[in-house]
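Enquirer:
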Amino acid sequence: MTDGARAATTPGRTPHEAATHCPYCALQCGMLLSERDGRIEVLPRDFPTNRGGLCQKGWTAAELLDHPERLTTPLLRGPDGRLAPATWAEAYARIVTGIRDTQAAHGRDAVAIFGGGGLTNEKAYALGRFARVALRTRMIDYNGRFCMSSAAAAGMRAFGIDRGLPFPLSDLGRADTLLLVGANPAETMPPLARYLTEQRERGGRLIVVDPRVTATARLADLHLQPLPGTDLAVANALLHVALTEGWVDREYVTARTEGFDAVRRIAAGWWPARAERLSGVPVADLEEAARALGTARTAIILTARGAEQHAKGVDTVSAFVNLALALGLPGRPGSGYGCLTGQGNGQGGREHGQKADQLPGYRRIDDPAAREHVAAVWGVHPDDLPGPGVSAYELLDLLGTPSGPKTLLVFGSNPVVSAPRAARVERRLRDLDLLVVADFLLSETAAIADVVLPTAQWAEEDGTMTNLEGRVLRRRALREPPPGVRTDLRILADLTTALAAPATSPTPAASSAPAAPVAPAAEVVAGDPSYRFLPSRGPLQPPDAVVDDVAAPDAVVDDVAVDDADPRVVFAELRRASAGGAADYAGVTWERIDAADGVFWPCPDTDGPDTPRLFAERFATPSGRARFHPVEHRPAAEEVCAEYPLYLTTGRVLAQYQSGTQTRRVGALRRAAPEPFVELHPDLAARLGVEEGEEVRVTSRRGEMRAPARITATIRPDTLFAPFHWGGAGRVNSVTNDALDPVSRMPEFKVCAVRVEKVTP
Ligand code: SF4
9 MTDGARAATT
19 PGRTPHEAAT
29 HCPYCALQCG
39 MLLSERDGRI
49 EVLPRDFPTN
59 RGGLCQKGWT
69 AAELLDHPER
79 LTTPLLRGPD
89 GRLAPATWAE
99 AYARIVTGIR
109 DTQAAHGRDA
119 VAIFGGGGLT
129 NEKAYALGRF
139 ARVALRTRMI
149 DYNGRFCMSS
159 AAAAGMRAFG
169 IDRGLPFPLS
179 DLGRADTLLL
189 VGANPAETMP
199 PLARYLTEQR
209 ERGGRLIVVD
219 PRVTATARLA
229 DLHLQPLPGT
239 DLAVANALLH
249 VALTEGWVDR
259 EYVTARTEGF
269 DAVRRIAAGW
279 WPARAERLSG
289 VPVADLEEAA
299 RALGTARTAI
309 ILTARGAEQH
319 AKGVDTVSAF
329 VNLALALGLP
339 GRPGSGYGCL
349 TGQGNGQGGR
359 EHGQKADQLP
369 GYRRIDDPAA
379 REHVAAVWGV
389 HPDDLPGPGV
399 SAYELLDLLG
409 TPSGPKTLLV
419 FGSNPVVSAP
429 RAARVERRLR
439 DLDLLVVADF
449 LLSETAAIAD
459 VVLPTAQWAE
469 EDGTMTNLEG
479 RVLRRRALRE
489 PPPGVRTDLR
499 ILADLTTALA
509 APATSPTPAA
519 SSAPAAPVAP
529 AAEVVAGDPS
539 YRFLPSRGPL
549 QPPDAVVDDV
559 AAPDAVVDDV
569 AVDDADPRVV
579 FAELRRASAG
589 GAADYAGVTW
599 ERIDAADGVF
609 WPCPDTDGPD
619 TPRLFAERFA
629 TPSGRARFHP
639 VEHRPAAEEV
649 CAEYPLYLTT
659 GRVLAQYQSG
669 TQTRRVGALR
679 RAAPEPFVEL
689 HPDLAARLGV
699 EEGEEVRVTS
709 RRGEMRAPAR
719 ITATIRPDTL
729 FAPFHWGGAG
739 RVNSVTNDAL
749 DPVSRMPEFK
759 VCAVRVEKVT
769 P
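Counting with the numbering used here, you get residues 9 to 769 for the letters of the sequence shown.
#1: What is the rounded straight-line gap between the Cα of residue 28 and the Cα of residue 482?
#2: For residue 228, I'd like the list of residues in its chain whose CB is within less than 7 Å of its CB, leaving aside the five on either flank, ordered along the chain.
#3: How should residue 346 be labelled, buried or exposed, when 16 other C-beta atoms within 10 angstroms of its C-beta is the threshold for buried?
#4: The alpha helix (DSSP H) spanning residue 330 covers which residue range?
#5: Assuming contact is defined by CB atoms lying nearer than 9 Å, are residue 754 and residue 153 in contact in what I supplied?
#6: In three-state DSSP terms, what is residue 750?
#7: Of the choices 168, 661 and 607, whose alpha-carbon is the least far from that of residue 590?
#8: How many whole angstroms separate the CB atoms of residue 575 and residue 500, which I take to be in contact at a CB cut-off of 8 Å?
#9: Taking all protein chains shown into account, do 16 or more other C-beta atoms lie within 10 angstroms of the C-beta of residue 59, making it buried, or fewer, making it exposed?
#10: Excluding the 5 residues flanking residue 362 on each side, which residues of the same chain have their C-beta closer than 7 Å to its C-beta?
#11: Nearest to residue 355 by alpha carbon, out of 209, 608 and 457?
#12: Using the rule of at least 16 other Cβ atoms within 10 Å of the residue's Cβ for burial, across every protein chain shown, is residue 399 buried or exposed?
#13: Under the assumption that residue 242 contacts residue 287 (Cβ atoms under 8 Å), give the Cβ distance between them as a whole number of angstroms.
#14: Would you mind reading off the limits of the beta strand (DSSP E) that contains residue 156?
#15: Between the stretch 45-58 and the stretch 657-664, can you find at least three pairs of beta-carbon atoms closer than 8 Å?
#16: When the Cα of residue 199 is compared with those of 650, 178, 210 and 103, which residue comes out closest?
#17: Under 8 Å: does the beta carbon of residue 58 sit that close to some heavy atom of the ligand SF4?
#18: Looking only at its own chain, which residues have a Cβ that is under 6 Å from the Cβ of residue 723, when we skip the five neighbours before and after it?
#19: So, are the CB atoms of residue 32 and residue 671 less than 9 Å apart?
#20: Going by beta-carbon coordinates alone, are residue 271 and residue 294 separated by less than 9 Å?
#21: With DSSP run on the structure shown, which of helix, strand or coil describes residue 447?
#22: Which stretch, first to last residue, makes up the beta strand (DSSP E) that contains residue 4?
#23: According to the Cβ coordinates, are residue 407 and residue 440 closer than 9 Å?
#24: For the beta strand (DSSP E) containing residue 766, name the first residue and the last one.
#25: Just confirm the distance between the C-beta atoms of residue 683 and residue 760, as a whole number of angstroms; I'd bet it's less than 8 Å.
#26: Alpha carbon to alpha carbon, what distance is there between residue 762 and residue 701?
#27: So who's on the other strand from residue 366, going by DSSP bridges?
#28: Mapping DSSP to helix, strand and coil, what is residue 483?
#29: What number of angstroms, rounded off, separates the C-alpha of residue 291 from the C-alpha of residue 35?
#30: Within this structure, are the beta carbons of residue 743 and residue 720 separated by less than 9 Å?
#31: In this structure, does DSSP put residue 526 in helix, strand or coil?
#32: How about the stretch 588-604 and the stretch 297-310: do they share at least three Cβ pairs that are nearer than 8 Å?
#33: Is it the case that the stretch 408-422 contacts the stretch 383-396, given that we only count it when at least three CB pairs across the two stretches are under 8 Å?
#34: How many angstroms separate the CA atom of residue 260 from the CA atom of residue 336?
#35: Expressed to the nearest angstrom, what Euclidean distance is found between the alpha-carbon atoms of residue 367 and residue 765?
#36: So, helix, strand or coil for residue 730, using DSSP?
Rendered as structure tokens:
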């Protein structure tokens with residue numbers, strides 16, 4: 009343990025208690041689950057990040073465990089077009105036959121996988137392995153592409169590594185100046201706000217950049233309210249002021265970075281008046297913000313989705329990283345740059361192989377050495393691993409097209425609500441030959457699936473999650489899944505076994521249909537000259553034996569079944585696959601996590617330290633220096649015009665989470681945030697003759713949404729805001745732009761051109 013602030017946790021005091029973490033966002037607040045008389049309660053737990061605090065979502069999380077809408081049996085779509093209960097054997101038979109038929113007719117890449125940033129590390133890892141080894145498809149990506157990918161790409165190109173916060177959260181309270189860009193933690197992660205309070209109580213300055221006067225902006229000493237899509241210009245202007253005022257840390261720039269001159273030349277052209285014309289942020293505010301950062305003893309710059317979900321999201325983050333590097337912040341105590349990860353396992357979920365271009369340990373799938381290492385762990389030949397696939401939106405947009413996948417398996421995601429240009433994505437999903445969704449509630453995506461598999465919830469499974477600090481945590485089961493429900497790992501293991509077996513099952517177009525012969529596995533890709541059978545991975549090793557290969561066996565685990573669906577076994581293999589990679593988990597054991605309230609990666613040795621703080625001496629680039637990246641402002645992919653004269657931006661509300669599949673079904677949360685809405689400035693509402701609560705229609709070039717108007721002066725008069733937690737008529741992603749960042753392939757959720765009108769009853 010290298011951070012003295014961390015103390016041991018009691019992993020549940022009785023068999024009816026489990027010390028675990030909230031199932032929702034990346035803060036992964038510690039909580040205690042307690043079961044008495046069949047009732048499950050959420051209790052506070054003193055964990056270093058949340059210190060007993062939870063938001064309303066966390067307190068109510070257990071309500072879904074026995075929710076009446078919980079799925080407890082597989083569902084199959086029958087000839088009448090309806091979903092009907094089925095057995096697991098029938099469901100598996102339909103899936104396996106569908107996969108075989110699809111790959112036989114269209115090749116391996118015609119079967120695709122779509123994962124999620126809320127899946128445990130073990131599931132994310134197993135999903136990537138299932139795609140590459142069992143299916144041998146390159147078509148896998150996940151919804152984290154819609155969340156974290158721009159900050160991840162910018163971090164990789166600047167620092168050579170992508171860990172959301174390269175320092176513990178507690179550092180936020182120690183920063184003299186804290187700049188939050190497009191982040192609203194007071195509403196999205198309320199327990200984190202205590203660090204903002206702590207920081208201000210110590211006399212620190214909080215600056216928020218956001219087009220809306222959010223709950224976080226109201227806490228700030230200074231709020232910059234730019235036009236959506238102009239954050240990059242604001243960052244370059246702040247750097248311009250730092251340059252002209254002499255606040256650039258020349259010594260640090262010379263000793264620890266490279267490429268500053270090109271950035272300096274661009275920043276020289278961003279005098280504050282130019283940035284004000286573009287962004288609407290007054291010169292005086294830009295100068296004040298630059299002064300607060302440039303003269304602070306310690307300063308931290310954080311970005312979140314507001315800055316990142318743009319077609320220039322990577323460049324926008326790079327502009328703020330450039331500013332942080334010029335001021336000499338990264339790697340200094342109490343200072344630095346970081347991003348606030350969103351989804352529950354947004355960090356770990358992007359490290360272990362469910363991304364199209366990635367193998368476990370944050371390895372690149374096109375790197376021969378990485379392929380060799382991972383192939384050896386998986387017991388296959390490196391040449392048998394597929395190459396890179398396509399990004400999440402590109403994958404969804406290919407579904408059902410002549411050259412695209414015909415079968416899709418979805419785990420932990422609801423793209424019908426969460427994808428940009430969602431009506432088009434929904435059509436693509438409906439065009440598939442076979443759509444399989446694993447979920448514990450009937451999400452909008454599950455509702456249009458051919459096969460729905462009921463899965464376990466967070467309190468019914470063990471595993472690990474990695475929070476926004478890069479701290480690997482233990483998710484601990486309180487109870488077994490209900491009868492009829494299986495874990496995602498069990499489903500993947502079962503399907504792997506079924507796909508490897510000779511095909512003798514009946515074709516289950518209908519569960520009662522007569523048996524029909526299907527192609528044996530060897531014929532799946534008949535005619536493909538590169539095809540050969542995969543060598544078997546052989547029997548899995550117990551965790552301690554697996555660990556032996558990478559580190560001292562300090563974590564010998566007795567009496568653990570060697571089972572590919574056992575998260576402990578999968579984690580042991582993940583450690584071996586990640587060993588030597590950027591996100592190295594080789595030295596992380598469940599016992600070590602239990603003993604120290606989490607382990608920060610990289611952690612290559614079981615008997616060596618973990619890494620709460622990165623970059624103290626060198627960056628993870630070949631030269632050891634951080635890299636500036638010159639970036640210029642460019643307009644949003646879609647600018648306003650006479651037909652679509654307003655900007656639309658999207659985001660979250662306190663009581664809902666992501667696509668709302670879970671939180672919309674929790675009574676207290678539904679009462680707190682019952683329906684979608686559209687925020688309009690009073691001046692705009694008056695011009696349109698719209699009253700509070702009246703239904704408005706928001707239309708873009710891609711589609712429309714309808715929701716009640718919420719009239720508030722906290723939004724700019726030229727901008728609308730709508731939350732993204734609802735489907736149906738109130739689905740804001742029917743309107744959003746699917747323009748992609750050229751590097752991260754992040755869609756431009758945060759700005760598009762729209763018009764708004766009152767809906768006449
Ligand atoms: S939703 Fe996030 S902030 Fe709220 S309790 Fe859960 S982990 Fe904590």
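Glycine is no exception: its CB is placed at the ideal position from the N, C-alpha and C atoms. Please read all numbers here as calculations on a predicted model, not as lab measurements.
Expert: Straight from the coordinates:
#1: 7 Å
#2: 214, 215 and 216
#3: buried
#4: 321-334
#5: yes
#6: coil
#7: 168
#8: With 8 Å as the limit, residue 575 and residue 500 do not qualify as a contact, their Cβ atoms being about 12 Å apart.
#9: exposed
#10: 123, 132, 135, 136, 148 and 150
#11: 608
#12: buried
#13: 5 Å
#14: Segment: none, residue 156 is in no beta strand (DSSP E) and carries neither H nor E.
#15: no
#16: 178
#17: yes
#18: 220, 687, 689 and 729
#19: yes
#20: no
#21: strand
#22: Outside the displayed range of the chain (9 to 769) lies residue 4, so it cannot be described from this structure.
#23: yes
#24: 760-766
#25: Not confirmed; about 22 Å, so no contact.
#26: 20 Å
#27: 372
#28: strand
#29: 35 Å
#30: no
#31: Residue confidence is low: residue 526 scores 28 on pLDDT, short of 50, so the model does not pin down where it sits. Its coordinate-derived value is still stated next. Here residue 526 sits in coil by DSSP.
#32: no
#33: no
#34: 5 Å
#35: 47 Å
#36: strand
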